[in-house]
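Enquirer: In my numbering, the protein residues as written are 25 to 451. If you scroll down you'll find the structure; I have some questions about it.
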Amino acid sequence: MWRFLYTLLLRVALPLLLLRLWWRGRREPGYRGHLAERLGEYRIAPRRELLWVHAVSVGEVRASVPLVRALQREFEGHDVLLTCMTAAGREAAQHAYGDSVLLAYLPYDLPGAAQRFLERFRPRLGVLMETEVWPNLLAACRARGVPVVLANARMSEKSARRYARWSSITRPAFAGIAAVCAQSAADAERLRALGAARVVLTGNLKFDVAPDALQVAAGRALKAALGARPVVLLASTREGEEAMLLEALAPAGGAGLLAIVPRHPRRFDEVARLLAHRGIATARRSRGELPGPDHAAYLGDTMGEMAFYYALADVALIGGSFAPLGGQNLIEACAAGVPVVVGPYMFNFTEATRLALDAGAALQADGAHEAARAALELLADSARRARMGEAGIALCAAHRGATERHLAACREVLGGAGVGRVSPPRH
Numbered sequence: 025m026w027r028f029l030y031t032l033l034l035r036v037a038l039p040l041l042l043l044r045l046w047w048r049g050r051r052e053p054g055y056r057g058h059l060a061e062r063l064g065e066y067r068i069a070p071r072r073e074l075l076w077v078h079a080v081s082v083g084e085v086r087a088s089v090p091l092v093r094a095l096q097r098e099f100e101g102h103d104v105l106l107t108c109m110t111a112a113g114r115e116a117a118q119h120a121y122g123d124s125v126l127l128a129y130l131p132y133d134l135p136g137a138a139q140r141f142l143e144r145f146r147p148r149l150g151v152l153m154e155t156e157v158w159p160n161l162l163a164a165c166r167a168r169g170v171p172v173v174l175a176n177a178r179m180s181e182k183s184a185r186r187y188a189r190w191s192s193i194t195r196p197a198f199a200g201i202a203a204v205c206a207q208s209a210a211d212a213e214r215l216r217a218l219g220a221a222r223v224v225l226t227g228n229l230k231f232d233v234a235p236d237a238l239q240v241a242a243g244r245a246l247k248a249a250l251g252a253r254p255v256v257l258l259a260s261t262r263e264g265e266e267a268m269l270l271e272a273l274a275p276a277g278g279a280g281l282l283a284i285v286p287r288h289p290r291r292f293d294e295v296a297r298l299l300a301h302r303g304i305a306t307a308r309r310s311r312g313e314l315p316g317p318d319h320a321a322y323l324g325d326t327m328g329e330m331a332f333y334y335a336l337a338d339v340a341l342i343g344g345s346f347a348p349l350g351g352q353n354l355i356e357a358c359a360a361g362v363p364v365v366v367g368p369y370m371f372n373f374t375e376a377t378r379l380a381l382d383a384g385a386a387l388q389a390d391g392a393h394e395a396a397r398a399a400l401e402l403l404a405d406s407a408r409r410a411r412m413g414e415a416g417i418a419l420c421a422a423h424r425g426a427t428e429r430h431l432a433a434c435r436e437v438l439g440g441a442g443v444g445r446v447s448p449p450r451h
């Protein structure tokens, strides 16, 4: 009954959802492409047996890379289909995978669309990254005998409360998942409470993501060209954060360079206008411009190049954490050996933040002004920056191995090696 009502509401909302895609396509044309895929109609088709991985947006796409590569090696006779929901996610997947995977949008969670999707691709296995739980899609997978793994699963207290309020719909969905690979013990406990029956602690796949070597080399080359000029990176910033951080950093002035990488492509021009309005001379990466002596800011308005920006930075302030948005991935910065400063709102990355703080790789500030002070103090203390950078690299090395534990879970689901033999991650 409850899933019927959920489906009815989704059908009523469908015209508005499609209109919203068209509206968002004004600034991100990718939303106006492949609209039929949102309804389960596809032109592409697999050539061989297929494994399906769903990564909703950019962060999940980046986290999926080590697992997808491992699946391709383990099941080399299979195609891999990677589905997304956002245009930015699809663009990130194109950068990450090129033609090595089939790429498509996942349809909206309507029974007919889910049936058409599964009929078209007939996956042997589905892998949903992090927190993507769709009741109709999972019901259709169960009906067709398609096992589903929830990979790199995280569940904040806030999200758990929201899922619990709709337990009549969500509990059967969680119960039908063949295996849940949880990032932390706390995530595992919340997922079990929501109805997941088979939960294994695997750790975070993001610790296994290797920075792109060519991007790192390019970032270091630009850093060398800047000489002694320090670089503060505002990484993956969200709405409103650039203004508050610029305000907090303004009194410092000086000869440093502020590199700003907004999280979403649709905001690139918005941030450029903000910088121009404040009279801040800015070079834009998308135009091939390099920051010169007269530039106070460098706008990272490109996709899939975070390794480049982290290689350029002396200190990184992590976006999404200075407004109540849950934070963004700080593991990439730690892996690059960059000291990290986060704001008070890291609830989507609670475990990774705790690990980085405990290791001495990161600092947490109560707000933008405290974060600015911390960043400037780090710029003045090269020895402390070095210690924090080394701690971040060591942290990532100590917590690698989630890929193999995920792969073992996938083998178990497909009838191979058992999950029970998976060694737990180190903490």
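Just so it is clear, CB atoms sit at the ideal spot from N, CA and C, and this is done for glycine as well. Please read these numbers as outputs of a predicted model, since none were measured by experiment.
Using a Cβ-Cβ cut-off of 6 Å (strictly less than) and excluding sequence neighbours within five positions of Leu187, which residues of its own chain qualify?
Expert: Here residue 187 refers to the residue found at position 163 of the sequence shown. According to the sequence displayed, residue 187 carries Tyr and not Leu. Cβ within range, chain order: Thr194, Leu218.
Enquirer: When burial is assigned at 16 or more other CB atoms within 10 Å of the CB, is Ser81 buried or exposed?
Expert: The residue you call residue 81 lines up with position 57 of the sequence shown. Buried, because 16 or more other Cβ atoms sit within 10 Å of the Cβ of Ser81.
Enquirer: Look up Asn160 in the DSSP assignment and say whether it is helix, strand or coil.
Expert: Translated into the one-based positions of the sequence shown, residue 160 becomes position 136. The answer is helix: DSSP assigns Asn160 an H, G or I state.
Enquirer: Looking at Ala112: is its Cβ nearer than 8 Å to the Cβ of Met327?
Expert: Mapped onto the sequence shown, residue 112 falls at position 88. Mapped onto the sequence shown, residue 327 falls at position 303. A contact, by the Cβ cut-off of 8 Å.
Enquirer: Taking the alpha helix (DSSP H) that Ser260 falls in, what are its first and last residues?
Expert: Here residue 260 corresponds to residue number 236 of the sequence shown, with the count starting at 1. Where Ser260 is concerned, there is no enclosing alpha helix (DSSP H), although the beta strand (DSSP E) around it starts and stops at 255–261.
Enquirer: Give me, in chain order, the residues of the same chain whose beta-carbon lies closer than 8 Å to that of Leu33; leave out the 5 immediate sequence neighbours on both sides.
Expert: Position 9 of the sequence shown, counted from the first residue, corresponds to residue 33. If we look at Leu33 and ignore the five residues flanking it on each side, it has no Cβ neighbours.
Enquirer: Between which two residues does the beta strand (DSSP E) harbouring Met153 extend?
Expert: Translated into positions along the sequence shown, residue 153 becomes position 129. Start and end: 149–153.
Enquirer: Tell me which same chain residues have a C-beta within less than 8 Å of the C-beta of Ser260, skipping the five on either side of it?
Expert: For the purposes of this step, residue 260 is identified with residue 236 of the sequence shown, where counting begins at 1. Here the set comprises Val285, Pro286, Arg287, Met330, Ile342, Gly343, Gly344, Gln352, Asn353.
Enquirer: Could you check if Pro135 is buried or exposed, using at least 16 other CB atoms within 10 Å of its CB as the buried criterion?
Expert: Taking the first residue of the sequence shown as position 1, residue 135 is located at position 111. Classification of Pro135: buried, given that the 10 Å Cβ count is 16 or more.
Enquirer: Between the beta-carbon of Val240 and the beta-carbon of Leu281, is there less than 8 Å?
Expert: Indexing the sequence shown from 1 puts residue 240 at position 216. Indexing the sequence shown from 1 puts residue 281 at position 257. Against a cut-off of 8 Å, the Cβ pair of Leu281 and Val240 comes out as no contact.
Enquirer: Determine the direct distance from the alpha carbon of Leu41 to that of Trp47, and round the result to whole angstroms.
Expert: Walking along the sequence shown from the start, residue 47 turns up at place 23. Walking along the sequence shown from the start, residue 41 turns up at place 17. When rounded, the distance between both Cα atoms is 10 Å.
Enquirer: Could you have a look at Gln388 and say whether DSSP puts it in helix, strand or coil?
Expert: Taking the first residue of the sequence shown as position 1, residue 388 is located at position 364. If DSSP states are grouped into helix, strand and coil, Gln388 belongs with the strands.
Enquirer: Is Pro286 helix, strand or coil when you go by DSSP?
Expert: Taking the first residue of the sequence shown as 1, we reach residue 286 at position 262. DSSP places Pro286 in strand when its eight states are reduced to three.
Enquirer: Let me know if Arg408 comes out buried or exposed under the rule of 16 or more other beta-carbons within 10 Å of its beta-carbon.
Expert: Working through the sequence shown from its first residue, we reach residue 408 at position 384. By the neighbour-count rule (16 or more Cβ atoms within 10 Å), Arg408 is not buried but exposed.
Enquirer: Considering only C-alpha positions, which residue in the set Leu438, Ala360, Phe28, Arg429 is nearest to Ser192?
Expert: Indexing the sequence shown from 1 puts residue 192 at position 168. Nearest of Leu438, Ala360, Phe28, Arg429 to Ser192, Cα basis: Phe28.
Enquirer: Check whether the stretch 87–107 touches the stretch 221–237, counting contact only when three or more Cβ pairs, one atom from each stretch, lie closer than 8 Å.
Expert: yes
Enquirer: Mind checking Ala237: buried by the 16 CB within 10 Å criterion, or exposed?
Expert: Within the sequence shown, numbered from 1, the residue matching residue 237 stands at position 213. Under this definition Ala237 is an exposed residue.
Enquirer: List, from N- to C-terminal side, the beta strand (DSSP E) runs of 3 residues or more that fit wholly inside the stretch 306–363.
Expert: 306–308, 321–323, 339–342
Enquirer: Would you check if the distance between the CB atom of Ala117 and the CB atom of Ala79 is smaller than 8 Å?
Expert: Locating residue 117 in the sequence shown gives position 93, where the first residue counts as 1. Locating residue 79 in the sequence shown gives position 55, where the first residue counts as 1. Ala117 places its beta carbon less than 8 Å from that of Ala79.
Enquirer: When DSSP labels each residue in this structure, what does Thr516 get in the three-state scheme?
Expert: Outside the shown range of the chain, which is 25 to 451, sits residue 516, and nothing can be said about it.
Enquirer: Could you pull the DSSP bridge partners for Ala177 from this structure?
Expert: Translated into the one-based positions of the sequence shown, residue 177 becomes position 153. Answer is Ala206, bridged to Ala177.
Enquirer: Tell me the residue span of the beta strand (DSSP E) that contains Val170.
Expert: Counting from one through the sequence shown, the residue named residue 170 turns up at place 146. Note, Val170: premise wrong, no beta strand (DSSP E); not H, not E.
Enquirer: How many angstroms separate the CA atom of Leu63 from the CA atom of Trp158?
Expert: Along the sequence shown, one-based indexing puts residue 63 at 39. Along the sequence shown, one-based indexing puts residue 158 at 134. Roughly 15 Å between the two C-alpha positions.
Enquirer: When we look at the beta-carbon of Ala60 and count the other beta-carbons within 10 Å, is it buried (16 or more) or exposed?
Expert: Taking the first residue of the sequence shown as 1, we reach residue 60 at position 36. It counts as exposed.
Enquirer: Is it true that the stretch 95–112 meets the stretch 125–134, where meeting means three or more beta-carbon pairs spaced less than 8 Å apart?
Expert: yes
Enquirer: Please report the distance separating the alpha-carbon of Asp382 from that of Ala360.
Expert: One-based indexing of the sequence shown puts residue 382 at position 358. One-based indexing of the sequence shown puts residue 360 at position 336. Distance between the alpha carbons of Asp382 and Ala360: 18 Å.
Enquirer: Quick one: complete beta strand (DSSP E) runs, 3+ long, within the stretch 30–115?
Expert: 74–78, 103–108
Enquirer: DSSP beta-bridge partners for Leu299?
Expert: Mapped onto the sequence shown, residue 299 falls at position 275. Per DSSP, none; premise fails for Leu299.
Enquirer: Less than 8 Å between the C-beta atoms of Ala433 and Cys205, yes or no?
Expert: Residue numbering aside, residue 433 sits at position 409 when the sequence shown is read from its first letter. Residue numbering aside, residue 205 sits at position 181 when the sequence shown is read from its first letter. Yes, Cβ-Cβ distance for Ala433 and Cys205 is below 8 Å.
Enquirer: Report the three-state DSSP secondary structure of Ala220 (helix, strand or coil).
Expert: Indexing the sequence shown from 1 puts residue 220 at position 196. Here Ala220 sits in coil by DSSP.
Enquirer: Can you tell me which of the three DSSP states Leu134 falls into?
Expert: Residue mapping note: residue 134 aligns to position 110 of the sequence shown, counting from 1. DSSP places Leu134 in coil when its eight states are reduced to three.
Enquirer: Could you compute how far the alpha carbon of Ala69 sits from the alpha carbon of Phe145?
Expert: The residue you call residue 69 lines up with position 45 of the sequence shown. The residue you call residue 145 lines up with position 121 of the sequence shown. For Ala69 and Phe145, the distance between alpha carbons rounds to 7 Å.
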